[in-house]
Each structure stands twice: as C-alpha cells, then as structure tokens.
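Peer 1: All residue numbers for the sequence shown refer to this note's numbering, where the first residue is 127 and numbers rise by one.
Just so you know, even glycine gets a beta-carbon here, dropped at the ideal spot from N, CA and C.
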Amino acid sequence: MRVLQFAIILLVGFGPWSAPLPEAQAAPQETLDSVVSVLPVWPGREQGGTGAAPGTVPEGSGVVVRPGIVATAWHVIEPAERIDIRLRDGRTLPARLIAGDVASDIAVLQVNAEIPVFRLAPTPSLVEPVCAVGNAYGLGLSVTCGVVSALAVTNAGFNPVEDFVQTDAATNPGMSGGALVDSEGRLVGMLSAIFASDADSNIGINFAVSAELLVRVVDALIADGAVDYPIPGWRLMPPDAAQLTRIAAPVVGALAEDGAAARAGIREGDLILRIRDRRVRTPRDAVTAIAVIADIAEPVPVMIERNGTEQTILLSFSGSPPTTEQDSPAPSASDDCPYGAAVCRMRQAVFPISSFDPIGSATRIGEMLLVTNRHVVADRMDAVVHTPDGPLNGTVLPSAYAGDLVLIEVSSLPASGFIPPLVADDPKPDAAFHAVGADVARQQIRVFEPGGLIALPAEGAALGRLHVSAQMQPGVSGGALVDGDGNLVAIAVGGGDGRYEAIPIVDVRRLLDLRDNPDAEERHRELGAAFRACAEGLDSIAEGAAEGDRLGQVGALCGAADNHGQLLDAGRVLGRSGDFDGAIAMHGQAVRQVPNSINARISLLVSLQIGGRFAEMTEHARVLMGMAPKDPQALRFAIQSGVWGDDPDLAEEAYKLLLVADPRQAEAARRFLDNPPPAPPKR
Numbered sequence: 127m128r129v130l131q132f133a134i135i136l137l138v139g140f141g142p143w144s145a146p147l148p149e150a151q152a153a154p155q156e157t158l159d160s161v162v163s164v165l166p167v168w169p170g171r172e173q174g175g176t177g178a179a180p181g182t183v184p185e186g187s188g189v190v191v192r193p194g195i196v197a198t199a200w201h202v203i204e205p206a207e208r209i210d211i212r213l214r215d216g217r218t219l220p221a222r223l224i225a226g227d228v229a230s231d232i233a234v235l236q237v238n239a240e241i242p243v244f245r246l247a248p249t250p251s252l253v254e255p256v257c258a259v260g261n262a263y264g265l266g267l268s269v270t271c272g273v274v275s276a277l278a279v280t281n282a283g284f285n286p287v288e289d290f291v292q293t294d295a296a297t298n299p300g301m302s303g304g305a306l307v308d309s310e311g312r313l314v315g316m317l318s319a320i321f322a323s324d325a326d327s328n329i330g331i332n333f334a335v336s337a338e339l340l341v342r343v344v345d346a347l348i349a350d351g352a353v354d355y356p357i358p359g360w361r362l363m364p365p366d367a368a369q370l371t372r373i374a375a376p377v378v379g380a381l382a383e384d385g386a387a388a389r390a391g392i393r394e395g396d397l398i399l400r401i402r403d404r405r406v407r408t409p410r411d412a413v414t415a416i417a418v419i420a421d422i423a424e425p426v427p428v429m430i431e432r433n434g435t436e437q438t439i440l441l442s443f444s445g446s447p448p449t450t451e452q453d454s455p456a457p458s459a460s461d462d463c464p465y466g467a468a469v470c471r472m473r474q475a476v477f478p479i480s481s482f483d484p485i486g487s488a489t490r491i492g493e494m495l496l497v498t499n500r501h502v503v504a505d506r507m508d509a510v511v512h513t514p515d516g517p518l519n520g521t522v523l524p525s526a527y528a529g530d531l532v533l534i535e536v537s538s539l540p541a542s543g544f545i546p547p548l549v550a551d552d553p554k555p556d557a558a559f560h561a562v563g564a565d566v567a568r569q570q571i572r573v574f575e576p577g578g579l580i581a582l583p584a585e586g587a588a589l590g591r592l593h594v595s596a597q598m599q600p601g602v603s604g605g606a607l608v609d610g611d612g613n614l615v616a617i618a619v620g621g622g623d624g625r626y627e628a629i630p631i632v633d634v635r636r637l638l639d640l641r642d643n644p645d646a647e648e649r650h651r652e653l654g655a656a657f658r659a660c661a662e663g664l665d666s667i668a669e670g671a672a673e674g675d676r677l678g679q680v681g682a683l684c685g686a687a688d689n690h691g692q693l694l695d696a697g698r699v700l701g702r703s704g705d706f707d708g709a710i711a712m713h714g715q716a717v718r719q720v721p722n723s724i725n726a727r728i729s730l731l732v733s734l735q736i737g738g739r740f741a742e743m744t745e746h747a748r749v750l751m752g753m754a755p756k757d758p759q760a761l762r763f764a765i766q767s768g769v770w771g772d773d774p775d776l777a778e779e780a781y782k783l784l785l786v787a788d789p790r791q792a793e794a795a796r797r798f799l800d801n802p803p804p805a806p807p808k809r
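1) Can you tell me whether Arg-372 is buried or exposed? The criterion is at least 16 other CB atoms within 10 Å of its CB, across all chains shown.
2) Exposed or buried, which one is Thr-408 when buried takes at least 16 other CB atoms within 10 Å?
3) Only counting the same chain, and skipping five residues up and downstream in sequence, which positions put a Cβ closer than 7 Å to that of His-650?
4) Threshold first: 3 residues or longer. Then list the beta strand (DSSP E) segments lying entirely within the segment 272–352, N to C.
5) From the DSSP secondary-structure annotation, give me the bridge partner or partners of Met-363.
6) Using the Cβ count rule (16 or more neighbours within 10 Å means buried), how would you classify Asp-403?
7) Can you tell me the Cα-Cα spacing of Gln-719 and Gln-679, whole angstroms?
8) Would DSSP call Ser-458 helix, strand or coil?
9) Return the chain-ordered list of same chain residues with a C-beta closer than 7 Å to the C-beta of Ala-468, the five sequence neighbours on each side being excluded.
10) Quick one: residues in its chain with C-beta nearer than 7 Å to the C-beta of Arg-342, no 5 flanking neighbours on either side, listed in chain order?
11) Who are the near neighbours of Glu-793 in its chain, counting only those whose CB is closer than 7 Å to its CB and skipping five residues on each side?
12) Please classify Val-476 as buried or exposed, where buried requires at least 16 neighbouring CB atoms within 10 angstroms.
13) In chain order, what residues of the same chain have a beta carbon less than 6 Å from the beta carbon of Leu-693, not counting five sequence neighbours either side?
14) Rounded to the nearest angstrom, what separates Leu-582 and Ile-629 at their Cα positions?
15) Nearest to Ile-667 by CA position, among Thr-157, Ala-696, Asp-757, is which residue?
16) Is it true that the segment 345–353 meets the segment 376–395, where meeting means three or more beta-carbon pairs spaced less than 8 Å apart?
17) To the nearest angstrom, report how far apart Pro-600 and Val-191 are at their CA atoms.
18) For the pair the segment 550–558 and the segment 511–523, tell me if three or more CB-CB distances fall below 8 Å.
19) Between the segment 156–165 and the segment 194–208, can you find at least three pairs of beta-carbon atoms closer than 8 Å?
20) Can you name, in chain order, every residue of its own chain whose Cβ lies under 7 Å from the Cβ of Ile-631, other than the five neighbours on each side?
21) Does the separation of the CB atoms of Leu-842 and Ala-382 fall below 9 Å?
22) Tell me the rounded alpha-carbon separation between Tyr-781 and Ser-703.
23) I need the straight-line Cα distance from Leu-362 to Leu-539, nearest angstrom please.
24) Along the chain, where does the alpha helix (DSSP H) that runs through Met-99 open and close?
25) Sort out for me which residues DSSP pairs Val-413 with in a bridge.
26) If contact is defined by three or more beta carbon pairs under 8 Å, each pair taking one atom from either stretch, is the segment 719–729 in contact with the segment 750–770?
27) Of the choices Gln-570, Met-301, Gln-759, Ala-618, whose alpha-carbon is the least far from that of His-501?
28) Compute the distance between the beta-carbons of Ser-230 and Gly-303, then report whether it is under 9 Å.
29) Just to confirm, is the Cβ distance from Leu-533 to Leu-397 under 9 Å?
30) Distance check for Ala-747 and Gln-791, CA to CA, integer angstroms please.
31) Go ahead and pull the three-state DSSP assignment for Phe-244.
32) Which first and last residues belong to the beta strand (DSSP E) in which Ile-534 is found?
33) Alpha carbon to alpha carbon, how far is Glu-288 from Leu-252?
34) Residue range of the beta strand (DSSP E) that Cys-257 falls in?
35) Going by alpha carbons, who is nearest to Gly-590 out of Glu-535, Pro-546, Leu-531?
36) On a Cα-Cα basis, can you pick out the residue from Ala-390, Ile-416, Val-497 that is closest to Val-536?
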C-alpha cells in the first residue's frame, strides 16, 4: 500500500488575531461557497487545471476560516511563486501567503474578497455522517459523503503533529485543504491525506485535520507567523508488551532537570494516562494533546499512574526557564535497549526529521547542528526536527561537499541532549556496530541489532563508505553508526540484504570545512536540484512514461545528481523499463563512486547479465569475490560470470569458496558447472 499526502497552507502573520473564529455564516446549502480551489504556480511549471499539459502543477483546495483568510495544504503551495484561488462562481483572485507550519502541514492565505466563513462543528461522533468538499483532480468543487471512521488519529505517519478525523468519504488528489463537514455544513476538519492503493485509487481511509488543531495553528500563524508548541521537558517511551496486558499508556523515560514536567513533580517511570480531556495511549498521543494547547497561561491537568495509584498533576508552561544541564539522565541498558549505557545514550543524539523524505534521521554534532543524508532533504532548505518536546524547524546549511551529507541548523535543540565527539579514527575490525535511528513502525529512536565490519572505505575513493552488517531499515538514513563503546564512527546511509553502508566521520569533517567554500551555495543547489529532478524522473517512468527519449533524459538527470543510492535505484528502474545500457551506466557510476559497495557490484552484474554483456561481468565478479569471499550470493554471481563470460578459472575459484560458505548451495553450483545451460538471451 502506498501513501499519498495532500497539502495544507499556512500564512505569515500580519497582526494579532484577537477574535475567535466567527460563528455561523454558512448555511448547509452554502457550504460550497466557503471552499475554494487553490491554484499554485511552481518554479518552472505552468499553472495546472483541467486540460493542463502533463507536468503542470496540480490544483488544491482551501477552506475559509475567517473573512479574507483561507487555510489550505502546505505541501501544495510550499514552493509556489504565485498563488491564486478560484471561487465557486468562477472568479479567480490572487492570494498572499501569510505563514506556514511544517509540523502540522497547515498554511494560511489572505484573499481580498468577501467569502462566506465556515462555522465550526462540535467534536463529531463515530459513524456520524460527513461530507468531503474539494477540487478533486482540478475538475472543480465536488462533494462526496461517508461517515466518521475514527477520531483523534495521531499515528497516521504523515506529519510530526497529527490530530486527524478519519473518514470513508472519498477524497482524491486536488482535495487537499478542502473541507470535511457535518450534516449542517459545519467544518469538522480540513482534508489532508489519504491512504491509497498502488493504483492511487481511494480505498476509504482518508484524513482531515481536526477543527481543534486547525484553529489552534491558524490562530498562532496569523498572530505570530509561527506556532510555538509547549515543551513539557519529558521523554516518553511506548509501553512494553507486559504493560500492555494491563494498560496502554506511555512511560516517562527521562526528564529535563528544570523542565515543566520535572517542576510539576512528574517522575521517571510514571505512566501518562490523560492530558486535559484526552486519553493518552502512545507518545504520539501525548505530542498531540500538548500541541493543541493554545493558551499556556493556565496549568494543564495531567493524570498519571505511579506505583499503581492514579493522581492528577498540574503542568505549568508559563515562565518555564530554559534547561541548561548538558548531561541529563542518560538512557541506560534496558529491555528496549540491551546494549549498554554508552550505546543506548546515543538515542539522545539522534532525531527523526521530515523534509523531502517524510521520515529520516539526523545526528547531532553540535549545540545547534545536525547532520543527515542529502537524499533526505534533496533541494529543500528546511526540515522539521522531531524532539521529545515537540517539532522544531531546521535550516539546511550549504556546503560544497559532494557526497550524501548535509548540515541542518536548529536554534533550540534540547539542552539536555547528548553531543557525541567527532572522532575520525578508523574503527576496530573486530568491533560490533549499531545503527541508531528512527524506527518508523515503533515511532521512536531505536538502537538496532549489532553487526560486524564488512569493509573499510576503498583506498583512494573520494566518497568511500564504511560497510557493515549492522541492521538498518527505512527511516534510519542520517542516523548514527556507533561502535560497542558508544563512539560515533559514521552516519548511516542505507543498504540491504545484510549489507549496509555508512559515511565515515572524516567526511563529516569535510562537510563542515567546505561550508566556507565560495562555491558552497551553488554546489549545494546544483546537487539538490539534480537529486529532485532524478527522483521526479524516476516517478514519471514508474507511472508509465517510459519512452526511449524519456529514459535517456532521466539517465542524464540521475547521472548529474551522482547520488550513490539514487544511482542504484535509477539503474533498477531503467533496467525494468528495457534501457539496459542506461542501467549499466547508472550502476557503473555507483561502483566507481563507492568501489567497496557489494550491493553496487551485484547490481552492476545483474544489469550486465540482463544486457547480455557477459564478458564484462568477469572483471567485476572477480573483484566482488575478493570483497565478499563468504557471501553466497556474491559467489553465485562469480560462478555464473565465469561460465557465461568464458572464464572457467573464475568459476572454479568461486565454487571452492562456496563449498566452505554454503555446502548445500555448492551442490547446485556443481551441477551448473558440469552441465552449464546456455547464456540467457538479452532481454
């Protein structure tokens, strides 16, 4: 199942918003008058709409929340050079972006027009009838209806701050920022995201930002131009399996020494049961319950359980002094991190982030400085950093470094966090390594299972990588690779099939040094733009635009990006589309960039084999066999290359190694060697 997200728009404040949202101004039959179509113009693209050429910008939707104020989806208008809105009567008017909040994916526009304003609905009930109103596929406003499927959804995985009303009312691209309304035409929420099948078809799981969160964010954006989420100063952990047999509630794992929670008397080990009127079952529930608090002048009641007894504690955010203690309680070895205190402590130095990729990781290397992978941010100059105290906005800092690393500056990272030293020594060959990064399923920073060293960076490789068997998974990119003593040795970057890669600390130092290069901004912009262009080109092929000219164009774009992981992806996509020469070129470029990458060598061998270029396989197969003499997959490729590439010595050498590595597979390999089938035809 694939996830599609719609956009929400936020506007920069132009003055305090002292009055609450107005009450009824839109009767049920007038509901469509309070919804508008949003028409952005993105750099280098024409405005979209019905009959627009492929590649133009899609339209979106917006809801009128105050006279002259429209809320809509941020990701639709975020790069827009100009934004227009189209009213139900067909008039098209210019709109001005006021401000935006990336964490909630909400944005606000100002329009010089008298448009009926929505009145707000009370919190709906399950199975209550609701209708979705929006500009589906740019065809104009339309209405679909269904029921409320779920309330207070905080774990959909779209945004750092989520408070969704789930519905089965059909929504489609173009309806982002539209309205979810009740039977009286009152606003239940703003349409935001859907889960869709692989064919992008709606499957009845759709989400709208709750009216409560929408009003809270819009209020702050208009008043201040930004959203200041309260910070409780706690780190919450999900309940473990034993606790879940009794009660679902997050556990306080650590406290900032002078944070609001510690001052209120909350202790480590307390269970958070309720915040105000919200039942809390997960750490994400707690983030939302705190995020929707607009007025921090009054203490917030928090119901906890301590030693089996429930009690209510008043949490005060007003006048909270900043935390200054660098060494807050460090996580020690525990059931959820049984690897020793030094390794587990690295969880305090790694944060989930959202940017071009909806979820990645970033590793702290300074008081206000993080490092992550370039492929996590692409050409964006912003990122949302998700901290235990709530989301923070980060700014990407240009550097002339050409590899898959970028810097992110955040002005207010938790003072209680851990900043690991940048030790650039080569790791010990017999060390155990752990990746530390975001676990998407568990929605927490996790220390993953250990692995050993496969290979050091290739000698002379400008962008060489550390190769390990330490487990990684999607979301870990940009996280930390640490040794058994908890030393930061590299930045995780990905991999698969038990072979993973990380960028060594020496490259992080180069990244820092090249900030002062006179070409830093231009080089950063070029690489980021090339990465995005390649990604969009690969998406276009996946969607069916696989003509010869288009394949060549995408190959050129991805070659210019020169991003190792993207080169591997591009090769696979081009190969599946029949452009075998293009696939070989992409995988060959990846091998030249990171010569010790087993995954890159195997990918190149696959492309050469499919392309019928067997003689060229033997050189790479011999290198691969030397790199991975105990890897059965690598040895099988060496045997095939030797047989079909007319190098019987290579095949026999690989067979002898396979006898030791996997005797059962060696039996099948012997039969293959004794009675070799014809080489497969070029596909």
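Peer 2: So, to answer that:
1) In the sequence shown, residue 372 corresponds to position 246, counting from 1. The residue in question, Arg-372, is exposed, as its Cβ has fewer than 16 Cβ neighbours within 10 Å.
2) The count along the sequence shown starts at 1 and reaches residue 408 at position 282. Result: buried.
3) Within the sequence shown, numbered from 1, the residue matching residue 650 stands at position 524. Listed in chain order, the non-local C-beta contacts of His-650 below 7 Å within the same chain comprise Pro-524, Ser-525, local neighbours out to five positions each way being set aside.
4) 290–293, 305–307, 313–322, 328–336
5) Sequence index remark: in the sequence shown, residue 363 carries index 237 (1-based). Its beta-bridge partners are Val-377.
6) Translated into positions along the sequence shown, residue 403 becomes position 277. Flag for Asp-403 reads exposed.
7) Counting from 1 along the sequence shown, the entry for residue 719 is found at position 593. Counting from 1 along the sequence shown, the entry for residue 679 is found at position 553. If you take the alpha carbons of Gln-719 and Gln-679, they lie about 21 Å apart.
8) Position 332 of the sequence shown, counted from the first residue, corresponds to residue 458. Low local confidence applies: a pLDDT of 40 at Ser-458 is under 50, so the model's placement there is unreliable, with the coordinate-based value given in what follows. Ser-458 falls in the coil class under three-state DSSP.
9) Position 342 of the sequence shown, counted from the start, is the residue given in the question as residue 468. The residues are Asp-611, Gly-612.
10) Taking the sequence shown and counting its residues from 1, one reaches residue 342 at position 216. By the criterion of a C-beta distance shorter than 7 Å, Arg-342 is surrounded in its chain by Val-418, Ala-420, once the five residues flanking it on both sides are discounted.
11) Start at 1 with the first residue of the sequence shown, and residue 793 comes out as number 667. Closer than 7 Å at Cβ, skipping near neighbours: no residue.
12) Within the sequence shown, the letter at position 350 stands for residue 476. Per the 10 Å Cβ criterion, buried.
13) Sequence index remark: in the sequence shown, residue 693 carries index 567 (1-based). Excluding positions up to five away in sequence, the list reads Met-712, Gln-715, Ala-716.
14) One-based indexing of the sequence shown puts residue 582 at position 456. One-based indexing of the sequence shown puts residue 629 at position 503. Distance between the alpha carbons of Leu-582 and Ile-629 is about 10 Å.
15) As a first step, residue 667 must be located in the sequence shown, where it is residue number 541. The shortest Cα separation from Ile-667 among Thr-157, Ala-696, Asp-757 belongs to Ala-696.
16) no
17) Translated into the one-based positions of the sequence shown, residue 600 becomes position 474. Translated into the one-based positions of the sequence shown, residue 191 becomes position 65. It is roughly 38 Å from the alpha-carbon of Pro-600 to the alpha-carbon of Val-191.
18) no
19) yes
20) As a working mapping, residue 631 is identified with position 505 in the sequence shown. If we look at Ile-631 and ignore the five residues flanking it on each side, its Cβ neighbours are Leu-548, Val-549, Ala-550, Leu-614, Val-615, Ala-616.
21) In this structure the chain extends from 127 to 809, so residue 842 is not present and cannot be described.
22) Position 655 of the sequence shown holds residue 781. Position 577 of the sequence shown holds residue 703. Going from the Cα of Tyr-781 to the Cα of Ser-703 covers about 33 Å.
23) In the sequence shown, residue 362 corresponds to position 236, counting from 1. In the sequence shown, residue 539 corresponds to position 413, counting from 1. One C-alpha to the other measures close to 17 Å.
24) For the chain, the structure presents residues 127 to 809; residue 99 sits outside this window and is missing.
25) What you label residue 413 is simply residue 287 of the sequence shown in a count that begins at 1. Beta-bridge pairing links Val-413 to no other residue.
26) yes
27) Along the sequence shown, one-based indexing puts residue 501 at 375. Answer by Cα proximity: Ala-618.
28) For the purposes of this step, residue 230 is taken as the residue at position 104 of the sequence shown. For the purposes of this step, residue 303 is taken as the residue at position 177 of the sequence shown. No, they are not a contact pair.
29) As a first step, residue 533 is located in the sequence shown; it is residue number 407 there, counting from the start. As a first step, residue 397 is located in the sequence shown; it is residue number 271 there, counting from the start. For Leu-533 and Leu-397, no; Cβs fall outside 9 Å.
30) Start at 1 with the first residue of the sequence shown, and residue 791 comes out as number 665. Start at 1 with the first residue of the sequence shown, and residue 747 comes out as number 621. If you take the alpha carbons of Gln-791 and Ala-747, they lie about 18 Å apart.
31) Sequence index remark: in the sequence shown, residue 244 carries index 118 (1-based). If DSSP states are grouped into helix, strand and coil, Phe-244 belongs with coil.
32) Counted from its first residue, the sequence shown places residue 534 at position 408. Per DSSP, the unbroken beta strand (DSSP E) holding Ile-534 starts and ends at 532–535.
33) In the sequence shown, counting from the first residue as 1, residue 288 sits at position 162. In the sequence shown, counting from the first residue as 1, residue 252 sits at position 126. Taking the straight line joining both Cα atoms gives about 18 Å.
34) Translated into positions along the sequence shown, residue 257 becomes position 131. Run containing Cys-257: 255–260, per the beta strand (DSSP E) assignment.
35) For this step, residue 590 is matched to residue 464 along the sequence shown. Here the closest residue by C-alpha is Leu-531.
36) For the purposes of this step, residue 536 is taken as residue 410 along the sequence shown, with counting starting at 1. Checked all of Ala-390, Ile-416, Val-497; the closest Cα to Val-536 is Val-497.
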